Amino acid sequence: MSKIVVDPVTRIEGHFKVEVVTENGVVKEAHSSGMMFRGLEIILRGRDPRDAQMYTQRICGVCPTSHSIAATLNLDSAFGLADKIPDNGRIIRNLILGAAHVSDHILHFYHLAALDYVDVTKALKYDGNDPDLNSVKEFAKRGELAPFVPRYEGDYRLSDQMNIGALAHYVKALEMRRKGQEMLVIFGGKMPHNMAVIPGGVTATVTVDKIASFLWMLNELRDFVNNVYIPDVLAVAEAYPDYFEIGAGCGNLLSYGSFDLEGNNPDYTKRKRFMKQGTISTDLKLGAIDTNKIMEYVKHSWYAESSTGKHPSKGMTEPQMGKKDAYSWVKAPRYDGKVYEVGPLARIAATYASGEPTVKQLVDSVLSKFNASPNALFSVLGRHAARALYTKFLADSMPEWLLQLKPGEPAYIDYTLPDEAFGMGLVDGARGALGHWIEIKDKKIANYQCVVPSTWNMSPKDDNGQPGPVEQALIGTKIKDEKNPFELGRIIRSFDPCLACAIHVITLKGRTLGIHKVR
Amino acid sequence: MEYTKSAETQTLRRSPRITVLGIGNLLLKDEGIGVHLVEKLAGVVDNANVNIIDAGTYPDFLSLVNDSTDKLIIIDAVKAGDRPGTIYRFSLNDVDLDSAPSISLHEMGVLDSVRTMALFDRQPKSTVIIGIEPKTMDFGIDLSPEVEEKIPKIINLVLKEIEETTAMEVDK
Chain A
26 MSKIVVDPVT RIEGHFKVEV VTENGVVKEA HSSGMMFRGL EIILRGRDPR
76 DAQMYTQRIC GVCPTSHSIA ATLNLDSAFG LADKIPDNGR IIRNLILGAA
126 HVSDHILHFY HLAALDYVDV TKALKYDGND PDLNSVKEFA KRGELAPFVP
176 RYEGDYRLSD QMNIGALAHY VKALEMRRKG QEMLVIFGGK MPHNMAVIPG
226 GVTATVTVDK IASFLWMLNE LRDFVNNVYI PDVLAVAEAY PDYFEIGAGC
276 GNLLSYGSFD LEGNNPDYTK RKRFMKQGTI STDLKLGAID TNKIMEYVKH
326 SWYAESSTGK HPSKGMTEPQ MGKKDAYSWV KAPRYDGKVY EVGPLARIAA
376 TYASGEPTVK QLVDSVLSKF NASPNALFSV LGRHAARALY TKFLADSMPE
426 WLLQLKPGEP AYIDYTLPDE AFGMGLVDGA RGALGHWIEI KDKKIANYQC
476 VVPSTWNMSP KDDNGQPGPV EQALIGTKIK DEKNPFELGR IIRSFDPCLA
526 CAIHVITLKG RTLGIHKVR
Chain B
738 MEYTKSAETQ TLRRSPRITV LGIGNLLLKD EGIGVHLVEK LAGVVDNANV
788 NIIDAGTYPD FLSLVNDSTD KLIIIDAVKA GDRPGTIYRF SLNDVDLDSA
838 PSISLHEMGV LDSVRTMALF DRQPKSTVII GIEPKTMDFG IDLSPEVEEK
888 IPKIINLVLK EIEETTAMEV DK
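Which chain is which? The protein sequence lines are A and B, in order.
Residues 26 to 544, numbered by the numbering used here, are exactly what the first sequence covers, in order.
Residues 738 to 909, numbered by the numbering used here, are exactly what the second sequence covers, in order.
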């Protein structure tokens, strides 16, 4: 038996680590631990409910936009506005969230996941004139590859030419990211942490100029997604086909859906959404969501035992460090007592199962290319493919939304703050099902709870001992080379985990010569 | 020959462009000092060549910085072990980074981002980091008194950086 720890905590304090125990090269046990306590609920208590949109965005620097939407849907429902948002407001929210998701998924693939498959050192073999690639080559010659290392050695299978091509796309993706942000800012006002999405609609106005600029940037992003991102994901899949059979996970998927296509149904679990909401298992049948079936368990988390088995709306945050059998700050959310994975795969699977023709055609064409059955979606490559196809489907559909905007018409409806109310906001963020719950008393927040996507995916064991989705995806995996456990990193990263809030403090270690203290 | 010379001396000049990035998590007390600071700074600086950005905990800082930036000023909490509220001023060359495998986007730190800029030759002509030693990074939105009382001093320091840079001339 040996133990492998994948632990990035040395760089950024308090994050998340995964420990696996192997026997004869096969993962026997896996423990996924969130290492940072999230006390957001404590901060929000007693504040004006309208602060929730601004503060919850600060939970996470990666997905602030998704939090702004979930918080706002939550407040809409608490304020009795969920079926009253003007179409312009609904559509602009969709465009803001869409801009965030498209750029977020490009970032994930190129700047994190691709480096599991692309060999950066092949830059040394480049002999062309591209200044960016020559710059990478110069750095590689000097042994300076800071953004790309350390990395495992061995299992890189792309040809030299493909490696070099992917590096060029890595650089291009940086530019696309910026484009996506500029696009979001047209209606969002600011990125990160947009200011536009508020209860009642959005603060932005609709003008022909804004529609035109948005469309212009969107078309550039679509070009990149269709002609670079999708082909690169397929090329990786072709070189690593065994990853259609690695990292299957729990086999249950949950999607809250995203991008409201109608504004007059107050029930977020039933209203018509672009990406469908529902539960899916390996039989690929779509089930309706009953939010009463969501419960959070804490037997293996550092919270008081009295808070286990509660619905998020009744959730409590009572930390109890050092609790026996606990190994994570993350609670274990379960649906109907079972383990569910969330993310782009769940969104795509739900929409596929609903019979949506474009998604069906996209998914089927990829599956037939690899001669794979729909069950192959439950895998490392299935997650990457679903993420890429989702990005394409979304980006290709956004121009139509833009044309539905009506310049000069309102994007916001006024309201009065209730004395007492409950609210619930559900949306699929980039990384999956995101839920916010609020209780208001005396016009103040009495309780606020968020169940974020990575809480589902990275959850520890629940009270019945069922491991979380990432833990299940790791257990049973055969590791070819324990010194370079490629399989583990590839499985974990395919979930695009995003836990707690980053602490971006700079910690000075090692050489600190030249630090100038200001008196 | 004469002609070439005069063309050289007539290189176009423009005012330097400055980007100030405030980095940090507003929900973690002193960790959020960078964000608190740029909010205040935005009310003080009135200069079209200075771009002040609340970057929060965004992992991809470099995409927020315009390519035409001549000077990048980063304001962030910095743990160097001194007394809380200590202000540091340093450049990128002054620090070493411990590297570890990235699992989530959150691991893309400030310095990684700036290094990626260097990798693709898109780094500003100069980068300076103004750091403040935090006292507490617990959950909460208030700054500790030790850090709070340094705000006017940090603002003056940033204004001085801006002033010094503005006095330089930059080749177009």
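By construction, the Cβ of each residue, glycine as well, lies at the ideal position given by its N, Cα and C atoms.
No experiment lies behind these values; they were computed from the predicted model shown.
Separation of residue 74 of chain A from residue 820 of chain B, as counted between CA atoms: 37 Å
Three-state secondary structure (DSSP) of residue 844 of chain B: Any reading at residue 844 of chain B needs caution, since the residue's pLDDT is 46, under 50, leaving its predicted position unreliable; the model's value is listed next. Three-state DSSP puts residue 844 of chain B in a helix.
Span separating the alpha-carbon of residue 801 of chain B from that of residue 762 of chain B: 17 Å
Beta-carbon separation (whole angstroms), residue 359 of chain A vs residue 487 of chain A, contact threshold 8 Å: 5 Å
Reduced DSSP category for residue 459 of chain A - H, G, I as helix; E, B as strand; rest coil: strand
Neighbourhood of residue 409 of chain A by C-beta distance below 8 Å, restricted to the same chain and skipping five residues each side: 134, 138, 258, 261, 262 and 519
Sequence-distant residues of the same chain with beta carbon closer than 7 Å to residue 115 of chain A, five excluded per side: 285 and 288
Residue ranges of each alpha helix (DSSP H) within the stretch 464 to 503 of chain A, 4 or longer: 478 to 482 and 494 to 499
Ordered list of beta strand (DSSP E) runs contained in the stretch 222 to 286 of chain A, each at least 3 residues: 278 to 280 and 283 to 285
Rounded separation between residue 244 of chain A and residue 216 of chain A - CA only: 20 Å
Cβ of residue 218 of chain A within 8 Å of any chain B Cβ: yes
For residue 164 of chain A, the three-state DSSP class (helix, strand or coil): helix
Minimum C-alpha distance to residue 89 of chain A - residue among A:106, A:121, A:105 and A:104: A:121
Residues near residue 351 of chain A in its chain [Cβ-Cβ closer than 6 Å; skip 5 each side]: 325, 326 and 327
Start and end residues, beta strand (DSSP E) containing residue 719 of chain B: Residue 719 of chain B cannot be examined here, being either before or after the span of chain B that is shown, 738 to 909.
Beta carbon proximity, residue 800 of chain B to chain A, threshold 8 Å: yes
Three-state secondary structure (DSSP) of residue 825 of chain B: Per DSSP, reduced to three states, the secondary structure at residue 825 of chain B is strand.
Three-state class that DSSP yields for residue 56 of chain A in the structure shown: DSSP places residue 56 of chain A in strand when its eight states are reduced to three.
Bridge partners - residue 813 of chain B, DSSP secondary structure assignment: Partner(s): B:868.
Every unbroken alpha helix (DSSP H) inside the stretch 331 to 414 of chain A [4 residues or more]: 369 to 378 and 382 to 394
Boundaries (first-last residue) of the alpha helix (DSSP H) holding residue 775 of chain B: Residues 770 to 779.
Spatial distance of residue 789 of chain B from residue 811 of chain B (CA atoms): 10 Å
Stretch-stretch touch, CB-based, cutoff 8 Å, three pairs: the stretch 204 to 220 of chain A with the stretch 139 to 153 of chain A: no
Within-8 Å CB hit, residue 212 of chain A to chain B: no
Beta carbon proximity, residue 453 of chain A to chain C, threshold 8 Å: Among the chains of the structure shown, chain C does not appear; the protein chains present are A and B.
Interface partners of residue 864 of chain B on chain A, CB under 9 Å: At a beta-carbon threshold of 9 Å, none of the residues of chain A lie near residue 864 of chain B; the nearest stands roughly 13 Å away.
DSSP three-state assignment for residue 306 of chain A, whether helix, strand or coil: Residue 306 of chain A falls in the coil class under three-state DSSP.
Contacts that residue 68 of chain A makes with chain B (C-beta to C-beta distance below 7 Å): 764, 876, 877 and 878
Residues from the stretch 788 to 813 of chain B in contact with chain A, defined by Cβ distance under 8 Å: Taking 8 Å as the Cβ-Cβ cut-off, the stretch 788 to 813 of chain B approaches chain A at 791, 792, 793, 794, 795, 796, 797, 799, 800, 801 and 813, given in chain order.
Same chain only: Cβ atoms within 7 Å of residue 769 of chain B, ignoring 5 sequence neighbours per side: 761, 762 and 763
Residue 367 of chain A beta carbon less than 8 Å from that of residue 484 of chain A: no
Partner residues on chain B for residue 203 of chain A, Cβ-Cβ distance less than 7 Å: 800
Check whether residue 404 of chain A and residue 265 of chain A have beta carbons under 8 Å apart: no
At least three beta-carbon pairs within less than 8 Å, the stretch 92 to 107 of chain A to the stretch 439 to 453 of chain A: yes
Cα-Cα separation between residue 394 of chain A and residue 387 of chain A, rounded to whole angstroms: 11 Å
Backbone CA spacing between residue 46 of chain A and residue 803 of chain B [nearest angstrom]: 46 Å
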